[in-house]
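Note that our numbering has the sequence shown beginning at 273, numbered continuously upward. From the three backbone atoms N, C-alpha and C, an ideal C-beta is built for every residue, glycine too. Data block below; observations after.
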Amino acid sequence: MSLETLARPDDEAYGRLLAEVERRYGILIPPERDAAVRQSLDDSCSTLGLSDVATMVERLVVNDVHAVDHVIRAATVNHTGFLREPAAFEVILDEVIPTLEPHRDVRIWSAAASTGEEIYTLAMLAAERVGMDELDRRWHFLGTDIDSEAVGAAEAGVYTQERLDALPERVRRAYFRPATRGQYVIHDRIRALCTFRRLNLLARPLPFRHPFDVVLCRNVLYYFAEARQRAVLESLYRATANRGWLLVGASDAIEHLGTSWIRRSPIAYRRSML
């Protein structure tokens with residue numbers, strides 16, 4: 273018998289945690305990530321002063337925000353950065369922005385914003401395309417994430433030099449200022465345009481009063497089972513303005529799910545033109 277097949281004392285508690293994470297947040301943890309997730313949970317228990325995974329489950333059930341953040345970070349792979357998958361931003365700049373109605377407020381939502389790089393990238397590139405004064409007049413950017421610590425980091429807008437490397441030099445100079453210890457802070461005018469909130473994508477109904485013109489939901493759907501993917505995509509559809517747009521990740525295939533979205537390219541979908 274291999275070491276991997278030996279039972280652990282916390283197997284039952286770990287199973288309950290997996291079930292709770294799927295029920296509350298839709299996230300499925302594949303068996304091949306068990307070892308990494310367990311190690312991360314052990315580290316989290318030490319950080320939070322919890323005795324074991326069973327105690328972590330108890331904290332999760334009562335929606336303790338610190339436990340939720342640690343569990344979400346253990347369950348997901350937080351890989352983000354400025355200008356990630358540049359083709360998506362080219363689509364937005366060249367195909368999406370020209371379709372937006374002039375003289376009307378523009379609302380853009382990053383539905384899995386992590387530490388803010390995606391929505392800040394889009395705000396900076398939009399400023400380059402239409403001008404900062406135009407953004408100030410009528411553009412609104414929202415980033416949401418289930419991880420409250422990531423939301424806090426996005427609001428702060430402070431990043432290391434390495435995180436900026438994918439951006440063109442002119443963009444780095446225009447929209448960041450040096451801070452301490454080799455870090456850089458996003459320009460105040462860009463940061464003022466971007467609002468960040470904690471949000472579970474399984475929330476029903478979504479807490480928005482106004483529809484969005486553009487929704488980015490990239491590289492998060494693969495954490496969900498197909499039924500959850502379909503439900504999330506339909507929820508995003510209802511939160512999007514008529515003729516609005518959805519951008520998904522390069523590896524997010526959604527055609528087989530039979531949603532209401534109309535495909536415009538491998539990564540771009542549009543709400544009904546009616």
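Would you check if the stretch 490-497 and the stretch 510-524 touch, i.e. whether three or more CB-CB distances between them fall below 8 Å?
yes
List in chain order: all unbroken alpha helix (DSSP H) runs of 4+ residues lying wholly within the stretch 446-519.
460-465 and 498-510
Which of the three DSSP states, helix, strand or coil, is assigned to THR566?
Because residue 566 is not part of the residues shown, which for the chain are 273 to 546, the question remains open.
Selected residue, minimal CA-CA separation from ARG376, among ARG410, GLY287 and LEU436
ARG410
Cα-Cα separation between ARG449 and SER532, rounded to whole angstroms
43 Å
Which of helix, strand or coil DSSP assigns to SER318
helix
Given GLY353, which residues of its chain have a CB within under 7 Å of its CB, disregarding the five upstream and five downstream residues?
GLU389, ARG435 and ALA438
To the nearest whole angstrom, what separates the beta carbons of VAL487 and TRP381, a pair I think is in contact under 8 Å?
5 Å
Let me confirm a value: ARG543 is counted as buried when at least 16 other C-beta atoms fall within 10 Å, else exposed. Which label applies?
buried
THR416 - DSSP class collapsed to helix/strand/coil
strand
With burial defined as no fewer than 16 other Cβ atoms inside 10 Å of the residue's Cβ, what is the status of GLY516: buried or exposed?
buried
Measure the Cβ-Cβ separation of ARG401 and PHE484 and say whether it is below 8 Å.
no
Could you have a look at ARG379 and say whether DSSP puts it in helix, strand or coil?
strand
Where do the ends of the alpha helix (DSSP H) carrying ARG542 lie?
Not the alpha helix (DSSP H): ARG542 falls in the beta strand (DSSP E), residues 540-542.
Would a C-beta distance cut-off of 8 Å place ASP324 and ASP366 closer than the cut-off?
no
Chain-order list of residues whose beta-carbon lies under 8 Å from that of ALA497 (same chain, five-residue window excluded)
GLU294, GLY298 and LEU300
Just how far apart, CA to CA, sit LEU372 and HIS482?
16 Å
Would you call ARG476 buried or exposed, if buried means 16 or more other Cβ atoms sit within 10 Å of its Cβ?
exposed
Considering only residues of the same chain and omitting the five flanking positions on each side of GLY287, which have a CB-CB separation below 6 Å?
none
Throw me the rounded Cβ distance for the ARG345 and ASP419 pair, which I believe falls under 8 Å.
6 Å
To the nearest angstrom, how far is the alpha carbon of ARG463 from that of LEU407?
12 Å
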